[in-house]
Structures are given as structure tokens and as C-alpha cells.
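**Q** Numbering (our numbering), first residue to last: 6 to 689.
Structure provided below as C-alpha cells; questions to follow.
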């Protein structure tokens, strides 16, 4: 079998795709999905012949944690973050020359003994500077306290606030240009004279959902103190993804309603030096109404264009936008594959795309692909005026791709069953979709009898199950793993998720366990109705929000599902808001924070509906989970042991050191073994 436990936990995750400035080379990252000891590892891979299939080669050893590659504008050297000077320690910036032999070297010995790592860095467009963010180094007194275990944690402490700093590549010097608040994000101006950045009051993730600010700062040398300009404040959602492609406008990814902590992603424009943003200032410029735009890129276009990634239902596409509000589709997956990690450039009139793409329907594991246009092929006739990101009706300009890598050779095509798009209607008539994974050799149109069936529900809830194939460990690898073992696996895209715009994304907020559960339940009911799923052999599972929906589902149906797996799931929204690292988000999902005095959150608590549950539940949780603290799983298990119909059916397994997404190989092996044994025991 292809999807063995060993193959899954040994896999890598591919990311950080970057095209060289001249378009001739591509670099990306291949990271071990899990740790075998206490250190994470990742290698950079590279091709200098983008016209040749399977031409990539490993660029760095993979013994260290190499990440975030970025090209120098001359294309001759590469910068990246690594811990190679101190394995498992703080990551610093390294430089690797690609026009001759030699090893990667620390950018400067100034960084050699730094305790605080570089959180992010960006090379200036003129290639003279590197801007980076990092916290101040600990004082001698602070280091002594740490070594003496005198390490009391003061909540709200700003000691680890990230500062914005500037490194001169010619002079080899560092100066701090922003020494206020906590720098969340920054981006260079096109002329390399200024930087736009956003700040929060503290480094904790929760601070991003309170007052944050956007500024620009001049970095011209010899001009005295940096010139700081305040652009705007936001009370609900920080700007943490943006580009500055033109002289006077910043384009940022923010919620469709920028004052909402949770909403569909969309592009917003902010005028920096003039009122050019016009009526779009502070409003969605592209996406968010019926589609979602989770990322955008500066493509180095002289025509003042930039690129956006669009999730439109099950389709993933790249659109090209210009400052006048005009767009065309550069590439579309046509709902047959998906990608997330991508880069796009426009060079001499030619558009180039590179991304990590996979396909469940086509049985293709993730690999690096590249595509190009002929500059004569893209004419003004393909442009169409956009209106707040309504779906593009234009055809793709890139139809053929070249596969540059061959990772996951163990994914054998003849071992995988069919993966199909599955559609059904919600209780209110809304059209819904998801993915259905069939066992190998099974034809969905010629079933001899219904199949034992497992729901695998995505987390988020603002997420989307696309037509992709994920071989590396995580709940996204459960569908092919379980399908190969003889199960029909269903992945529902329910309301609260992404890809369908603001109304879809916000549908279940302040009402967990309502419309989104109806959507999930409707998928399996439809499968039973059409003779695909065996109504007497149903299982349910999910991680994070999917874990909550598992707990909620068994609490509402009592005996519909023979068994379930609740992975890092919520059972009590009040305690979730109190303990989670994102209380603003959890309060809006659950209904209200406890300190508001409202009982709205109680309606969606699975723990209040435990009595009479017959479903055998396996509960899995990491003991260091900050997002969904382990008490959520422990509390639900305690309730099941006291109030369910069959108390001895339920199993709780907690994993030391594990955060919300597991990182240790032995634990991942144990999870995969346990979930299969649990489903087999109850469904076969």
C-alpha cells in the first residue's frame, strides 16, 4: 500500500516558492513534516532550467532548518533564514552565491551570537539593504534570570516586541529604524526609500485583534531620525500581508469588512501619498463578495500590475490586477487540482507562474510546476472590469505547465481510488460541495453495496477542502490514508469556511452547532440516500473546528455514528474563550465571551448535550495546545465517562509537548495507528 504510516510520517512539506528576478530559476523549501529529535529540519531545492521536466536538485543539506528564501535583485545570490550556526536556536539571515562554488554564510558575524531570531526579512528593490524584524537582545540580568530559572511570565510584557531594523549590504552595519510597539509586518516601497509597516501593542497573537496601526517610515541615509507617517488604525484585524507595488498605494489582504475579526479575505487599497485609493479606501477592492483572496504578490511589472490568488468554490486561480480595477485570469485549476504556495513574475512582457500543485482527482502528489505565457498571447481584449471581485469569466492565459520536481515517488497511482467532487444542498437550498474519496478499485456508479463511510471535517472554520492530495502528516492526509483501507471518506465544505465570500464565511458566527452542522450532516445523508454510504457503518472525525463538529455531531445524533475521532476539538466555548490564544476569534465563533454576561455561547457547547451518547469516541489532544487547550478534550472525556450511555467506549489520549498541530514523528505514528484501529473496530 502507498499510504502506509511510515510513508506519511516520513514525508516533506513543500513551500516558499520564489522565482528569480530574470525568471530563469526557481527555489523552494522542502521541510520534514515531523521531528525525529528536538530540531526541525528543511532543505532548499533549486532549478536553473525551468524548461526541463524534473530538473530540480537539492541546494542545501537538509540538516538544518532553512526557510524563507529570497532573491537578491541581481539574481546572483539568495538569502534565507537558518539555524545552522546553532541548531534548534534562533534563525538568522544567510547568504548563498549561486554563480560559483561556496557554502552559505551568515550575513555578518554581528548575528552570530544573537539570542533573538530574525522574525522576517525583505531585500530592498535596489539591492542595497535588508530590512528585518527582531526583538532586542536580552540583557545580562535577563540572561542570568533565565539560567537561574527565575523566569516568571508577566502577561502583557513588551520585552519581546519586534523592532524594525535595517542592514546595509555595503557597509555591513545595522540600525534600528522603528523602536515602538511590536512590528507585525513590513514591505518596501518600489523606490527603496521607505517601508510600510503595521504594529500591535504586544507580540502575542491576541494583540492583532485589538488596536493595530499602519505607518510608513523613510529609510534614506543621512537624513537624521527616520521620518514616520501614520496612515491608519484598525480595531479588529491587523494588516499582516501587503505589497507596495506603486508609488502611492498599499494593497493589503484584510477581512471583507475590515472591522470584523473574522470574514472572507479580500484585497484592500490604502492611499499612502495621495487620495488615489478613492472610494475604495477602507473597503474591499477585489474579492470577498462571492470569492476569497488569501494572498497577493508584487510581480515586478512596469505596467503597475500585481497578482492575487483567488479561491472560488473548489477552483484556485491566479488573477492579474492593475490599479484601475481591471483583471484577467492568468491560470485556473478548473476545480481539478489546487495550489497554495506560489510565485508570479512579469518579465519582458511574459508572465511566469510557479507553484506547489497537487490533485486528488488526477492522483498527483504535491510538486513544483511552472507555466509561462508568450507575451504576444495576452492582449488587452482579455481584460474585464471588476466589481468587488465577482467571479472572473475570462479563460486562463496559461493552459500548459511543466512539472519540475518528483517528490513523493511512493504515491503509486494504481493504489489510489477515485477522488470526486461531491455536491448536495443545505437545508435552506444553498448549493454545497466537498470531496469524496473512494477505495481503490471502487466505481462509484457500480457499487455492489454501500460502503463504510467516515466524515473527515476540516478545521478553521475558515478553511476549504480543495481537490488536492496531501501525503504529509496532518488531518488532510487522513482521507487518502483511510480510503486506501477500504472506507468512503467525505470532506464537507460547510458554511463558515472559505472560497464562497463574506456571507458564506460569516454564516455560522455567533451560532456554532447550527447551520454548519446541518451542512455537514447533509453531506452524509446525501451519500446514504444515493446508496454510497452504509447508514449502519458511519464514522465521524475532524481536527480543531472539525473536532468540535465531531463532538457536536455525536452529542446531537447520539447513535447515528458508530464511532468518531475528536482531534483537538472544542467542547465548551466559554472556557475556550478564557484559555485560547485567540479569545477574540473564539468569542465571535461561540457567541460571546463569558465576561460579557451573555449566555449565547452555551447553546453550542457539546459538553452540555453528552447524556445518552452511544457513539464510541476517541479523543486526541496535544498537551501544549495553545489554540484549543487540552482541557477541552479532558472535559469532554470526563463528561462522557459520567453521562454517556456507554461510558467505557470512550478513549482519551494526550500527547506531551505537542502544540495544536503535532510535530513529533512518534506521536504522529501513534495517531495514525490509533484512528485506523478505532474505525476498524467499530465499522468493519
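C-beta atoms are modelled at their ideal positions from N, C-alpha and C, and glycine is treated no differently.
Treat the numbers as computed from the prediction; the structure is a model and nothing was measured.
1) Which class does residue 94 belong to by DSSP, given the choice of helix, strand or coil?
2) Closer than 6 Å by C-beta to residue 255: which residues in its own chain qualify, once you throw out the five before and the five after it? Chain order, please.
3) Using only CA atoms, which one of 46, 243, 683 lies nearest to residue 206?
4) Can you look up residue 148 in the DSSP assignment and give me helix, strand or coil?
5) Touching or not, the region 210-223 and the region 145-152, by the rule of three or more beta carbon pairs under 8 Å?
6) Would you mind reading off the limits of the alpha helix (DSSP H) that contains residue 530?
7) Here's the rule: buried if 16 or more other CB atoms are within 10 angstroms of the residue's CB, otherwise exposed. What is residue 63?
8) Just the Cα atoms here: how many angstroms apart are residue 284 and residue 265?
9) Tell me which residues share the same chain as residue 322 and place their Cβ nearer than 7 Å to its Cβ, disregarding the 5 neighbours each side in the sequence.
10) Just mark residue 505 as buried or exposed, buried being the case when its beta carbon has 16 or more other beta carbons within 10 Å.
11) Just to confirm before moving on: does the CB-CB distance between residue 408 and residue 28 stay below 8 Å?
12) In whole angstroms, what separates the C-alpha of residue 331 from that of residue 359?
13) Would you mind stating whether residue 525 and residue 486 have Cβ atoms separated by less than 8 Å?
14) Check whether the Cβ atoms of residue 20 and residue 33 lie closer than 8 Å to each other.
15) Excluding the 5 residues flanking residue 362 on each side, which residues of the same chain have their C-beta closer than 6 Å to its C-beta?
16) Have a look at residue 179 and residue 171 and give me their C-alpha separation to the nearest angstrom.
17) Taking the alpha helix (DSSP H) that residue 683 belongs to, which residues open and close that run?
18) Do residue 559 and residue 639 have their C-beta atoms within less than 8 Å of each other?
19) Let me know the secondary structure DSSP gives residue 12 once reduced to three states.
20) Are the Cβ atoms of residue 211 and residue 652 separated by less than 8 Å?
21) Which first and last residues belong to the beta strand (DSSP E) in which residue 180 is found?
22) Select from 289, 637, 634, 570 the residue whose C-alpha is nearest the C-alpha of residue 656.
23) Over the uninterrupted alpha helix (DSSP H) stretch that includes residue 305, give me the two end residues.
24) Please classify residue 225 as buried or exposed, where buried requires at least 16 other C-beta atoms within 10 Å of its C-beta.
25) I'd like to check one pair, residue 252 with residue 195: are the Cβ atoms closer than 8 Å?
26) If we count the other Cβ atoms within 10 Å of its Cβ and call it buried at 16 or more, is residue 176 buried or exposed?
27) List the endpoints of the continuous alpha helix (DSSP H) containing residue 615.
28) Distance, Cα to Cα, residue 615 vs residue 467?
29) Assuming residue 71 and residue 85 make a contact with CB atoms under 8 Å, what is their CB distance in whole Å?
30) Which same chain residues, not among the five before or five after residue 35, have their C-beta less than 6 Å away from its C-beta?
31) Can you tell which of 133, 137, 161 has the C-alpha that lies nearest to the C-alpha of residue 167?
32) Taking the straight line between their C-alpha atoms, what separation do you get for residue 189 and residue 578?
**A** In brief:
1) Counting from one through the chain shown, the residue named residue 94 turns up at place 89. Of the three classes helix, strand and coil, the one that applies to residue 94 here is coil, per DSSP.
2) Against the chain shown, residue 255 aligns to sequence position 250. Answer for residue 255: 201, 247, 249, 275, 277, listed in chain order.
3) Within the chain shown, numbered from 1, the residue matching residue 206 stands at position 201. Minimum Cα distance to residue 206 is reached at 243.
4) In the chain shown, counting from the first residue as 1, residue 148 sits at position 143. It is helical.
5) In this structure the region 210-223 does not touch the region 145-152; the number of beta carbon pairs closer than 8 Å is below three.
6) For the purposes of this step, residue 530 is taken as residue 525 along the chain shown, with counting starting at 1. Unbroken alpha helix (DSSP H) run through residue 530: 520-534.
7) Along the chain shown, read from residue 1 onward, the residue named residue 63 stands at position 58. It is exposed - the Cβ of residue 63 has fewer than 16 other Cβ atoms within 10 Å.
8) On the chain shown, position 279 is the one that residue 284 refers to. On the chain shown, position 260 is the one that residue 265 refers to. For residue 284, the predicted structure reports a pLDDT of 36, less than 50, and the residue's modelled location is therefore unreliable. A value from the coordinates is still provided. Taking the straight line from one Cα to the other gives about 20 Å.
9) Along the chain shown, read from residue 1 onward, the residue named residue 322 stands at position 317. These residues qualify, in order along the chain: 315, 334, 336, 337, 338.
10) Start at 1 with the first residue of the chain shown, and residue 505 comes out as number 500. When all chains shown are included, residue 505 counts as buried.
11) For the purposes of this step, residue 408 is taken as residue 403 along the chain shown, with counting starting at 1. For the purposes of this step, residue 28 is taken as residue 23 along the chain shown, with counting starting at 1. Contact: no.
12) For the purposes of this step, residue 331 is taken as the residue at position 326 of the chain shown. For the purposes of this step, residue 359 is taken as the residue at position 354 of the chain shown. Taking the straight line from one Cα to the other gives about 23 Å.
13) One-based indexing of the chain shown puts residue 525 at position 520. One-based indexing of the chain shown puts residue 486 at position 481. Their beta carbons are not under 8 Å apart, which means residue 525 does not touch residue 486 by this criterion.
14) In the chain shown, the residue the question calls residue 20 occupies position 15. In the chain shown, the residue the question calls residue 33 occupies position 28. In contact: residue 20 and residue 33 (Cβ atoms closer than 8 Å).
15) Against the chain shown, residue 362 aligns to sequence position 357. Cβ within range, chain order: 342, 344, 374.
16) Translated into positions along the chain shown, residue 179 becomes position 174. Translated into positions along the chain shown, residue 171 becomes position 166. Roughly 6 Å between the two C-alpha positions.
17) The count along the chain shown starts at 1 and reaches residue 683 at position 678. It spans 670-688 - the alpha helix (DSSP H) in which residue 683 sits, taken as one unbroken run.
18) Numbered from 1 along the chain shown, position 554 holds the residue referred to as residue 559. Numbered from 1 along the chain shown, position 634 holds the residue referred to as residue 639. Not a contact, by the Cβ cut-off of 8 Å.
19) Start at 1 with the first residue of the chain shown, and residue 12 comes out as number 7. Residue state, collapsed to three classes: helix.
20) Within the chain shown, residue 211 is the residue found at index 206, counting from 1. Within the chain shown, residue 652 is the residue found at index 647, counting from 1. Going by C-beta atoms, residue 211 is not nearer than 8 Å to residue 652.
21) Here residue 180 is taken as the residue at index 175 of the chain shown, counted from 1. That run of the beta strand (DSSP E) goes 179-183.
22) Residue numbering aside, residue 656 sits at position 651 when the chain shown is read from its first letter. Checked all of 289, 637, 634, 570; the closest Cα to residue 656 is 570.
23) Locating residue 305 in the chain shown gives position 300, counting from the first residue. It is not in any alpha helix (DSSP H) - residue 305 carries neither H nor E in the DSSP assignment.
24) Here the question's residue 225 lines up with position 220 in the chain shown. Counting Cβ neighbours within 10 Å, residue 225 comes out exposed, since fewer than 16 surround it.
25) Locating residue 195 in the chain shown gives position 190, counting from the first residue. Locating residue 252 in the chain shown gives position 247, counting from the first residue. Yes, Cβ-Cβ distance for residue 195 and residue 252 is below 8 Å.
26) Taking the first residue of the chain shown as 1, we reach residue 176 at position 171. Flag for residue 176 reads exposed.
27) Within the chain shown, the letter at position 610 stands for residue 615. Counting along the chain, residue 615 falls outside any alpha helix (DSSP H), and DSSP gives it neither H nor E.
28) On the chain shown, position 610 is the one that residue 615 refers to. On the chain shown, position 462 is the one that residue 467 refers to. Whole-angstrom Cα-Cα distance: 26 Å.
29) Taking the first residue of the chain shown as position 1, residue 71 is located at position 66. Taking the first residue of the chain shown as position 1, residue 85 is located at position 80. That pair is a contact at about 6 Å.
30) By one-based count along the chain shown, residue 35 stands at place 30. Same-chain partners within the cutoff: 17, 19, 48, 50.
31) Looking up residue 167 in the chain shown gives position 162. Between residue 167 and the set 133, 137, 161, the nearest pair of CA atoms involves 137.
32) The residue labelled residue 189 in the question sits at position 184 within the chain shown. The residue labelled residue 578 in the question sits at position 573 within the chain shown. So the two alpha carbons sit approximately 28 Å from each other.
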